[in-house]
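S.K.: If you scroll down you'll find the structure; I have some questions about it.
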Amino acid sequence: MYEERASRLDGATVWTRSATPADSAKSVRDPGAVPYPVLPDGCMDLLWIGGRLLVAGPDTHAYTPEGMSGLHCAGVRFAPGTAPALLGVPAYELRDRRVELADLWSPAKVRAVTGLTARVAAATDPATALETVALRCAAGADPPDPLLRAVVTGLNAGRPVAAVADAVGLGARQLHRRSLDAFGYGPKTLARVLRLQRALELVRRGVPYAAAALAAGCADQAHLARETRALAGLTLRAYERAYAASANCGAPQPS
Numbered sequence: 001m002y003e004e005r006a007s008r009l010d011g012a013t014v015w016t017r018s019a020t021p022a023d024s025a026k027s028v029r030d031p032g033a034v035p036y037p038v039l040p041d042g043c044m045d046l047l048w049i050g051g052r053l054l055v056a057g058p059d060t061h062a063y064t065p066e067g068m069s070g071l072h073c074a075g076v077r078f079a080p081g082t083a084p085a086l087l088g089v090p091a092y093e094l095r096d097r098r099v100e101l102a103d104l105w106s107p108a109k110v111r112a113v114t115g116l117t118a119r120v121a122a123a124t125d126p127a128t129a130l131e132t133v134a135l136r137c138a139a140g141a142d143p144p145d146p147l148l149r150a151v152v153t154g155l156n157a158g159r160p161v162a163a164v165a166d167a168v169g170l171g172a173r174q175l176h177r178r179s180l181d182a183f184g185y186g187p188k189t190l191a192r193v194l195r196l197q198r199a200l201e202l203v204r205r206g207v208p209y210a211a212a213a214l215a216a217g218c219a220d221q222a223h224l225a226r227e228t229r230a231l232a233g234l235t236l237r238a239y240e241r242a243y244a245a246s247a248n249c250g251a252p253q254p255s
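Residues 1 to 255, numbered by this note's numbering, are exactly what the sequence shown covers, in order.
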């Protein structure tokens, strides 16, 4: 079962996932079913899994969780570009990685992670406790950079990278460097990730592939199909099947 809500931290989302009898029954009935992947979205997450505090870096390809059967998981998904300032590490260092929070901080802060882990473990609602951890990190960090938010807004609107760079007053190299630190990859990759998210949201609503492709900014349906395979690791039809199966058993849904 998957649930999510808006966080008290601006732009973030708090989510929880736990195995249900329906999940176990489905895996027995159809062990060859395509698992629902976590798709690239330009975000980073603070995770509580198996009694551990982890950070999920920005993905460049689909991630399929393994070895998590029966585990209760909680997470805070940060808005694109905001996590590095909170966690004190550039996003590119965590690209396509899941890392212990203690490994990101200096030895002087390791004790703090131990204390935070104990608080979350003792909480009756780990997700809310994890959100409190994120809020404390935010309280000690600089406020979100409005320039980065403008970059995300422009790219998510389908504007060309050059136009977004001009709009925020950065050269191409400057934008690329700032994007690596904030998002984990360059603005062209971020634009692809956001475009795929827009297209697949339309597909989930039942919009035909060709129409979804054009509305999201792809050249045509074939372009969307290539991007889906490259970034999600699935064909469009396989993605739809995996999404429908996950919706039926309460598995994670896209944001």
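From the three backbone atoms N, C-alpha and C, an ideal C-beta is built for every residue, glycine too. From a predicted model like this one, the values you see are computed outputs, not experimental measurements.
Roughly how many angstroms lie between the CA atoms of A138 and L86, to the nearest whole one?
M.R.: Answer to the nearest angstrom: the Cα atoms are 5 Å apart.
S.K.: Which of helix, strand or coil does DSSP assign to D10?
M.R.: DSSP places D10 in coil when its eight states are reduced to three.
S.K.: Considering only C-alpha positions, which residue in the set L47, A157 and T153 is nearest to V120?
M.R.: Comparing Cα-Cα distances from V120 to each of L47, A157 and T153, the minimum goes to L47.
S.K.: Quick one: grab the DSSP three-state call for R229.
M.R.: Note: R229 maps to helix in three-state DSSP.
S.K.: What does a CB cutoff of less than 6 Å around W15 pick up in its chain, not counting 5 residues either side in sequence?
M.R.: Excluding residues within five positions, the ones whose Cβ falls inside 6 Å are E4 and G75.
S.K.: Answer with buried or exposed for D10, where buried requires no fewer than 16 other C-beta atoms within 10 angstroms of its C-beta.
M.R.: By the neighbour-count rule (16 or more Cβ atoms within 10 Å), D10 is not buried but exposed.
S.K.: Taking R195 as the reference, give the member of G158, D181 and A230 with the closest Cα.
M.R.: It is G158 whose Cα lies nearest to the Cα of R195.
S.K.: Using CA atoms only, rank isn't needed, just tell me which of P80, G171 and V203 is closest to A225.
M.R.: With distances taken between Cα atoms, A225 lies closest to V203.
S.K.: Three or more C-beta pairs closer than 8 Å, one from the stretch 162-173 and one from the stretch 105-114: is that the case here?
M.R.: Output reads no: the stretch 105-114 does not touch the stretch 162-173.
S.K.: Can you tell me whether A172 is buried or exposed? The criterion is at least 16 other CB atoms within 10 Å of its CB, across all chains shown.
M.R.: A172 comes out exposed.
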